[in-house]
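Chains as they are written, first to last, in our numbering: chain A, 3 to 361; chain B, 50 to 269.
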């Protein structure tokens with residue numbers, strides 16, 4: 003009965019634009035992107051999506067139409083740009099994530115042989131672009147269509163092998179910078195085509211996490227390339243991308259903001275209230291319901307509780323707040339938990355926002 | 050001579066902490082030439098250095114690249130000293146064995162490698178199964194090697210259940226009490242470790258060493 007009164011008054015696209023531009027909106031958006039569970043609903047196993055634009059698009063359309071996803075996405079994700087320049091990715095035919103099996107640069111000299119990818123030919127980039135094309139055509143007028151790319155630091159690690167790349171930061175910083183520049187240019191080549199299709203871009207740079215590298219190395223090796231990527235994305239798509247970095251990013255929030263990103267997507271280890279205080283005047287915050295403890299292992303009741311806690315901290319962020327997860331949605335998270343999260347955004351996140359809505 | 054020896058061991062430890070591979074090799078060669086006991090040099094030089102590196106990692110002074118560079122220096126020094134290890138008679142204590150690996154379906158092994166390095170330098174014998182290892186394989190290796198600890202990691206939620214499966218299989222085969230099971234990795238938490246019945250959960254590589262010591266207290 004209560005649920006009937008919770009009709010949305012804006013499309014997901016209108017809502018997101020309103021939040022990002024500081025205009026009034028009907029309720030807090032929920033930014034969860036759904037892949038595996040949507041595929042199940044659509045009858046398409048996730049491993050069939052990797053090589054088919056149509057199946058990727060069908061899955062995303064099901065995510066929106068059936069599960070209520072407020073954003074749809076297709077893109078190279080973490081390994082895709084590295085794959086397009088020669089790293090080999092393994093695709094398990096079961097409920098598990100693809101991973102890099104063999105890296106493109108086994109010796110530093112191998113880098114000289116690599117070429118900036120042609121996004122309509124190399125790796126699976128044409129598949130992502132094809133899927134984005136369909137999604138923009140079918141849903142683009144009312145749902146944000148996004149392509150997710152890795153930050154240059156993560157791509158460099160996926161081209162060279164993470165441990166070896168991290169060693170190069172000390173052993174051969176000049177090479178590391180060259181590889182990073184190559185990763186940046188390869189990513190930009192792809193982003194240019196995404197922009198032409200009218201889709202937006204989001205960035206995740208997990209290997210640049212402060213769990214792995216020091217803030218000092220972040221500033222030297224990750225930041226300059228992220229800043230340039232963000233600037234290009236802004237110029238090409240007209241929108242500042244979101245930036246996700248895993249782990250406790252507290253020490254690099256100012257740097258993340260200085261990249262020019264419009265939205266910071268924060269890990270669930272982060273206190274949203276602290277982030278709001280530190281950088282809320284400058285960026286929209288996105289997060290940070292616990293992907294594992296709540297979405298994967300928890301119940302719908304846990305989801306509601308976690309969502310309320312996030313809303314209570316984020317709802318009054320000066321630059322806006324989007325309810326979402328602290329990292330990617332686990333493949334095994336039950337559909338009921340996903341639905342509970344969208345429901346929580348409708349039920350508790352309605353305008354006018356007051357703290358009493360979530361307590 | 051005594052001063053010189055202490056000084057050399059200290060410098061060797063510093064070379065590890067300073068990530069200076071060449072210096073570690075050079076000092077190890079001097080130590081061998083001076084006739085200093087290789088075992089002592091490993092313990093008070095290389096291992097002591099890695100212990101400092103592990104502490105700096107816990108204090109967030111060092112991160113993964115620094116730890117990798119320290120361990121490169123440590124292994125380089127070890128390469129020089131190892132051929133000069135004398136077989137100790139009688140006193141040779143049996144090292145506690147740890148079977149370690151990344152669970153089936155997952156290939157993220159940086160964390161596992163760091164735990165391995167730090168345990169190794171803390172005096173454990175490590176049987177590294179590598180990555181993408183089936184639950185039964187952990188158990189077979191632990192039985193075969195007479196290990197005391199099984200250490201399993203995963204970075205992904207899709208493979209977390211494999212950790213529980215190891216414990217389920219141990220129980221099923223009625224050998225749960227023979228081994229201590231340690232779990233770790235980004236999606237893993239103390240609550241998850243408790244839920245699946247693991248003996249301990251290590252939040253990072255440095256903690257893993259401390260927990261291993263607790264688990265094998267009286268055994269080591």
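Virtual Cβ for every residue (Gly too), placed ideally from N, Cα, C.
Going by the CB atoms, is the gap between residue j and residue i shorter than 8 Å?
i                      : j                      : result
residue 167 of chain B : residue 235 of chain B : no
residue 149 of chain B : residue 164 of chain B : yes
residue 188 of chain A : residue 76 of chain A  : no
residue 227 of chain A : residue 199 of chain A : no
residue 58 of chain B  : residue 77 of chain B  : no
residue 211 of chain B : residue 154 of chain B : yes
residue 71 of chain A  : residue 106 of chain A : no
residue 151 of chain B : residue 203 of chain B : yes
residue 40 of chain A  : residue 13 of chain A  : no
residue 68 of chain B  : residue 95 of chain B  : no
residue 184 of chain B : residue 215 of chain B : yes
residue 172 of chain A : residue 206 of chain B : no
Compare the Cα-Cα distances from residue i to each of the options and report the closest residue.
i                      : options                    : result
residue 42 of chain A  : A:345, A:337, A:358        : A:337
residue 170 of chain B : B:154, B:120, B:152        : B:120
residue 59 of chain A  : A:122, A:344, A:14, A:134  : A:134
residue 47 of chain A  : A:64, A:258, A:158, A:196  : A:64
residue 286 of chain A : A:13, A:55, A:195, A:259   : A:259
residue 16 of chain A  : A:144, A:264, A:84, A:274  : A:144
residue 200 of chain B : B:244, B:253, B:106, B:222 : B:253
residue 332 of chain A : A:170, A:292, A:153        : A:292
residue 23 of chain A  : A:284, A:73, A:33, A:61    : A:284
residue 74 of chain A  : A:39, A:147, A:120         : A:147
residue 248 of chain A : A:233, A:214, A:240, A:235 : A:214
residue 342 of chain A : A:330, A:301, A:314        : A:301
residue 180 of chain B : A:103, A:184, A:128        : A:103
residue 95 of chain A  : A:197, A:78, A:87, A:53    : A:53
Under a three-way DSSP split, which group does residue i fall into?
i                      : result
residue 128 of chain B : helix
residue 91 of chain B  : helix
residue 85 of chain B  : coil
residue 213 of chain B : helix
residue 87 of chain A  : coil
residue 349 of chain A : helix
residue 177 of chain B : strand
residue 102 of chain B : helix
residue 148 of chain A : strand
residue 198 of chain A : helix
residue 138 of chain B : Because the pLDDT of residue 138 of chain B is 48, which lies under 50, any placement of that residue in the model is unreliable, and the number read from its coordinates should be weighed accordingly. In the structure shown, residue 138 of chain B sits in coil (DSSP, three-state: anything other than H, G, I, E or B).
residue 188 of chain A : helix
residue 204 of chain B : coil
residue 306 of chain A : helix
residue 92 of chain A  : strand
residue 245 of chain A : strand
For residue i, collect the residues of the same chain with a Cβ closer than 6 Å to its Cβ; drop the 5 residues on either side in sequence, then sort them by chain order.
i                      : result
residue 50 of chain A  : 57
residue 104 of chain B : none
residue 319 of chain A : 278, 282, 287
residue 46 of chain B  : Here chain B covers residues 50 to 269 and nothing more, so residue 46 of chain B does not appear.
residue 355 of chain A : 317
residue 222 of chain A : none
residue 360 of chain A : 310, 313, 314, 350
Since residue i is in the alpha helix (DSSP H), which residue starts that stretch and which ends it?
i                      : result
residue 130 of chain A : 127-141
residue 104 of chain A : Premise fails: residue 104 of chain A lies in the beta strand (DSSP E), 101-104, not in any alpha helix (DSSP H).
residue 232 of chain A : 225-239
residue 15 of chain A  : 14-22
residue 264 of chain B : 254-264
residue 258 of chain A : 255-260
residue 151 of chain B : Unbroken run through residue 151 of chain B is the beta strand (DSSP E), 146-151; no alpha helix (DSSP H).
residue 55 of chain A  : 55-67
Residues in its own chain within less than 7 Å of residue i by CB, not counting five upstream and five downstream?
i                      : result
residue 140 of chain B : Confidence at residue 140 of chain B is low in this model, with a pLDDT of 47, below 50, so its placement is unreliable and the value that follows should be read with caution. Hits under 7 Å: none found.
residue 224 of chain A : 153, 155, 207, 210
residue 91 of chain B  : 127, 130
residue 138 of chain B : Low confidence applies here, because residue 138 of chain B scores a pLDDT of 48, under 50, leaving its location unreliable and the question unanswered by this model.
residue 97 of chain B  : 62
residue 55 of chain A  : 129, 132, 133, 136
Taking 8 Å as the CB-CB cut-off, is residue i touching chain C?
i                      : result
residue 165 of chain A : Any reference to chain C falls outside this structure, whose protein chains are A and B.
Can you name the start and end residues of the beta strand (DSSP E) that residue i belongs to?
i                      : result
residue 325 of chain A : 323-327
residue 288 of chain A : 286-291
residue 206 of chain A : 202-206
residue 230 of chain B : 229-233
residue 268 of chain A : 265-268
Short of 8 Å in beta carbon distance, which residues of its chain neighbour residue i, apart from the five on each side in sequence? Order them along the chain.
i                      : result
residue 10 of chain A  : 17, 28, 29, 348
residue 264 of chain B : 197, 198, 229, 231, 248, 249
residue 6 of chain A   : Because the pLDDT at residue 6 of chain A is just 41, under 50, the model does not fix this residue reliably, and the value given afterwards should be weighed accordingly. For residue 6 of chain A, where only same-chain residues beyond five positions count, there are no Cβ hits under 8 Å.
residue 81 of chain A  : 89, 91, 100, 101, 102, 152, 160
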